[in-house]
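Mapped onto the UniProt record's numbering, the consecutive letters of the sequence shown carry residue numbers 1 to 91.
Ideal placement from N, C-alpha and C gives every residue a C-beta, glycine not left out.
Just below is one structure, and these are the notes that go with it.
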Amino acid sequence: MSPELVERIAGESQESRAMREELTKKIDVLQKGSDTCKRFVDSKLSADLGFRHPDDSTSLSENTETLEDLESGDDFPDLQTLSAEETFDED
Numbered sequence: 001m002s003p004e005l006v007e008r009i010a011g012e013s014q015e016s017r018a019m020r021e022e023l024t025k026k027i028d029v030l031q032k033g034s035d036t037c038k039r040f041v042d043s044k045l046s047a048d049l050g051f052r053h054p055d056d057s058t059s060l061s062e063n064t065e066t067l068e069d070l071e072s073g074d075d076f077p078d079l080q081t082l083s084a085e086e087t088f089d090e091d
C-alpha cells in the first residue's frame, strides 16, 4: 500500500505522529521536572516546620519549645538591653 493510503486508513499523518511523539516526550520531561520540584518543596516545608522522617529517632516533641518557653524569654537576652557592641559584632 502507498503511504497516502496508509495515512487515510490510519487517520493520522506522519507529521501528526511525529508531532504527537514530540509532545509526549515534552510532557514526560515536564512531568519529571514537576515531580522533582514537588519533592524539594515538600522537603523544604518539612524542614522549615520541624517535621522528622519516621526513621529519625528524635521525636518532634523533643525538639519543640512550648509557648510558655518562648514567652518566658529565658534563653534570649532582652534586645533593648543589648549595647551596640553586643548587637553588631565586627570581627
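- At the C-beta level, Ser13 and Glu7 come within 7 Å of one another.
- DSSP, read as helix, strand or coil, puts Glu7 in helix.
- Rounded to the nearest angstrom, the gap between the Cα atoms of Phe40 and Gly11 is 43 Å.
- Distance between Asp35 and Ile9, taken at the CA atoms: about 39 Å.
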